[in-house]
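Asks: Handing you a structure now.
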Amino acid sequence: MKKFLGIFGFVAVILGTSAASAIDLRNEDQIEYTVKVQSTAMLKDVFLPAYSMSIVICVGECQFYVPGVGKVSAKGSDVVTIKHGRLVKSDAPRVAQAK
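Right, here's the structure in full:
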């Protein structure tokens, strides 16, 4: 029983520290881009046509890289945007909460 509790505790800690999150990836420029997304669990190219958006599921933190544009790291509810030829990270917009 103690061994089971020890294993359960270890798994709970691992899962708690590596929760998956959805990061908005936006292209607000007039041209298309291919964004390289890397985390400890994946390496993926995401194609973004002009004025488009994609959602990237990340475990922990992901790095976003566009050659000639820039590189940022994002996690949680961050928003990664390509705008005016630059790659920037911002917080997700706040949503009004009912009282």
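When the letters of the sequence shown are read in order and numbered with our numbering, they come out as residues 1 to 99.
Even glycine gets a Cβ: it sits at the ideal position worked out from N, Cα and C.
Who are the Cβ neighbours of Glu28 in its own chain at under 7 Å, not counting the five residues just before and after it?
Replies: Tyr51, Thr81, Ile82 and Lys83
Asks: Helix, strand or coil for Val69? Go by DSSP, reduced to three states.
Replies: coil
Asks: Please go through the same chain and pick out, in chain order, the residues whose beta-carbon is closer than 8 Å to the beta-carbon of Arg86, but skip the five residues on each side of it.
Replies: Val69 and Gly70
Asks: Let me confirm a value: Leu48 is counted as buried when at least 16 other C-beta atoms fall within 10 Å, else exposed. Which label applies?
Replies: Result: buried.
Asks: Give every residue of the same chain whose Cβ lies closer than 6 Å to the Cβ of Ala109, excluding the five residues on either side of it in the sequence, and list them in chain order.
Replies: Residue 109 cannot be examined here, being either before or after the span of the chain that is shown, 1 to 99.
Asks: Between which two residues does the beta strand (DSSP E) harbouring Ile57 extend?
Replies: Run containing Ile57: Ser52 to Val59, per the beta strand (DSSP E) assignment.
Asks: Could you give the residue range of the beta strand (DSSP E) that holds Thr40?
Replies: Per DSSP, Thr40 belongs to no beta strand (DSSP E) and is neither H nor E.
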